[in-house]
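Trainee:
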Amino acid sequence: MGIVNSTAQLAPLSFASSITGFISFAFTLLTFLRVFWENITTTFKAGRESKNILTTLRIELEEERCSLREIKRHRRSRGVERSQDVFKGPELDESALRNLQTTVRRLTRRFEDMERPFLADENELAKRKARQRRRLSRGRSGTRGPGGEYDFEKAKRYQSDGYESDEDRVEDLYSTISLRRRLTWLNCRSEAMDMLNAVNRVQTRRIARQVGEIACMLHSYKDLLDDMRHGVAVTEDRMSRVVGLRRVD
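Heads up: the sequence shown begins at 1 in this note's numbering, then just goes up one per residue.
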């Protein structure tokens, strides 16, 4: 009775296991390289990206606070009687308005904690203001040509744009990026993006409520205009019977 060698039977199975292990290792290595490359790219782009995202968050949160504050002030000035005698629709009632304000306050506190490592100190802010004053003074003195005439082309370079000045002033609040701040931004970038999406959701909820309120108001006014048109037609018909007037279409 001969000896049966199992090496030939196990060879296909071991070969398939080796191929599967090699493919799994290749996918793991590619995933690691992709994550590593994304982290390197985020670290190199942190200087401009952090200022853009933090500036956008600060401006949008401030605008949302002002919008909700204005809506609340308008509701209080309108009064309870006037807000109840028009219609019942998807308006921003006190409960919805309070929930939105609570969400915005919570997001603002999270944002303040997140942006604190990126803010510039008083010395850096003072140096930036001094550089801006020197630049403006050089711009005013350089708008005159050799003969004393006014150079409009040079003057345009130093004219401030109202739409860009707000963002420039907000960006001036943040310090020059360093290696420590780059690593900090690498850790908190995902939180900043989630916060930006949360602010957009709050804005969408507020706009949806306001648009629904306007739609219901227009529908209510349409019914009111139809009733008024019908009343005018009935009045004209009665007047025509009394004094002989005829309606001219």
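All C-beta atoms in this analysis are idealised placements derived from N, C-alpha and C, irrespective of residue type, glycine included. Predicted model, so just to flag it, every value in this text is computed and none were measured.
Per the contact definition of three or more C-beta pairs closer than 8 Å, is the stretch 116-127 in contact with the stretch 66-73?
Mentor: Output reads no: the stretch 116-127 does not touch the stretch 66-73.
Trainee: Identify the continuous alpha helix (DSSP H) that holds residue 107 and give its terminal residues.
Mentor: One-based indexing of the sequence shown puts residue 107 at position 107. Unbroken alpha helix (DSSP H) run through residue 107: 94-115.
Trainee: Report all residues from its chain with a CB closer than 6 Å to the CB of residue 184; omit the five preceding and five following residues, and keep chain order.
Mentor: If you number the sequence shown from 1, residue 184 lands on position 184. So the qualifying residues of the chain are 117.
Trainee: Express the C-alpha separation of residue 54 and residue 196 in angstroms, rounding to a whole number.
Mentor: The residue you call residue 196 lines up with position 196 of the sequence shown. The residue you call residue 54 lines up with position 54 of the sequence shown. Going by the C-alpha atoms only, they are around 9 Å apart.
Trainee: Kindly indicate which three-state DSSP category residue 173 falls into: helix, strand or coil?
Mentor: Along the sequence shown, read from residue 1 onward, the residue named residue 173 stands at position 173. DSSP places residue 173 in coil when its eight states are reduced to three.
Trainee: Would residue 236 be called buried (16 or more neighbouring beta carbons within 10 Å of its own) or exposed?
Mentor: Working through the sequence shown from its first residue, we reach residue 236 at position 236. For residue 236, the number of other beta carbons within 10 angstroms of its own is below 16, and it is reported as exposed.
Trainee: Can you tell me whether residue 29 is buried or exposed? The criterion is at least 16 other CB atoms within 10 Å of its CB, across all chains shown.
Mentor: Stepping through the sequence shown from its first residue, residue 29 is reached at position 29. Exposed, since its Cβ has fewer than 16 Cβ neighbours within 10 Å.
Trainee: If we count the other Cβ atoms within 10 Å of its Cβ and call it buried at 16 or more, is residue 98 buried or exposed?
Mentor: Counting from 1 along the sequence shown, the entry for residue 98 is found at position 98. Looking at its Cβ environment, which holds fewer than 16 other Cβ atoms inside 10 Å, residue 98 is exposed.
Trainee: Give me whichever residues DSSP pairs with residue 119 in a beta bridge.
Mentor: Walking along the sequence shown from the start, residue 119 turns up at place 119. DSSP, once it has assigned bridges, lists 174 as partnering residue 119.
Trainee: Could you round the C-beta distance between residue 51 and residue 221 to whole angstroms and report it? I think they count as a contact, below 8 Å.
Mentor: By 1-based counting over the sequence shown, the position of residue 51 is 51. By 1-based counting over the sequence shown, the position of residue 221 is 221. About 46 Å separates the CB atoms of residue 51 and residue 221; that is not less than 8 Å, and the two are not in contact.
Trainee: Is the beta carbon of residue 47 closer than 7 Å to that of residue 177?
Mentor: As a position in the sequence shown, residue 177 is number 177, starting the count at 1. As a position in the sequence shown, residue 47 is number 47, starting the count at 1. In this structure, residue 47 lies closer than 7 Å to residue 177 by Cβ.
Trainee: Taking the C-alpha atoms as reference points, what is the distance between residue 35 and residue 210?
Mentor: Residue mapping note: residue 35 aligns to position 35 of the sequence shown, counting from 1. Residue mapping note: residue 210 aligns to position 210 of the sequence shown, counting from 1. Using only the alpha carbons, I get a separation of about 42 Å.
Trainee: Name the residue from 112, 129, 215 whose alpha carbon lies nearest to the alpha carbon of residue 57.
Mentor: Translated into the one-based positions of the sequence shown, residue 57 becomes position 57. It is 112.
Trainee: Report the rounded CA-to-CA distance for residue 89 versus residue 213, giving the unit in angstroms.
Mentor: Indexing the sequence shown from 1 puts residue 89 at position 89. Indexing the sequence shown from 1 puts residue 213 at position 213. Because residue 89 sits at a pLDDT of 49, beneath the cut-off of 50, its placement in the model cannot be relied upon, and the following sentence gives the value as read from the coordinates. So the two alpha carbons sit approximately 6 Å from each other.
Trainee: Alpha carbon to alpha carbon, what distance is there between residue 101 and residue 109?
Mentor: For the purposes of this step, residue 109 is taken as the residue at position 109 of the sequence shown. For the purposes of this step, residue 101 is taken as the residue at position 101 of the sequence shown. C-alpha separation (whole angstroms): 12 Å.
Trainee: Thinking just about the alpha-carbon of each residue, which of 130, 170, 216, 103 is nearest to the one in residue 119?
Mentor: What you label residue 119 is simply residue 119 of the sequence shown in a count that begins at 1. Nearest of 130, 170, 216, 103 to residue 119, Cα basis: 170.
Trainee: What is the DSSP secondary structure of residue 45, counted as helix, strand or coil?
Mentor: Translated into positions along the sequence shown, residue 45 becomes position 45. Reduced to three states, the DSSP call for residue 45 is coil.
Trainee: Measure the Cβ-Cβ separation of residue 63 and residue 199 and say whether it is below 7 Å.
Mentor: Counting from one through the sequence shown, the residue named residue 63 turns up at place 63. Counting from one through the sequence shown, the residue named residue 199 turns up at place 199. Cβ distance not < 7 Å, so residue 63 and residue 199 don't count as in contact.
Trainee: Could you check the C-alpha separation between residue 201 and residue 194 for me, to the nearest Å?
Mentor: If you number the sequence shown from 1, residue 201 lands on position 201. If you number the sequence shown from 1, residue 194 lands on position 194. Taken atom to atom, the span from the alpha-carbon of residue 201 to that of residue 194 is near 11 Å.
Trainee: Expressed to the nearest angstrom, what Euclidean distance is found between the alpha-carbon atoms of residue 115 and residue 133?
Mentor: Locating residue 115 in the sequence shown gives position 115, where the first residue counts as 1. Locating residue 133 in the sequence shown gives position 133, where the first residue counts as 1. Computed Cα separation, rounded: 27 Å.
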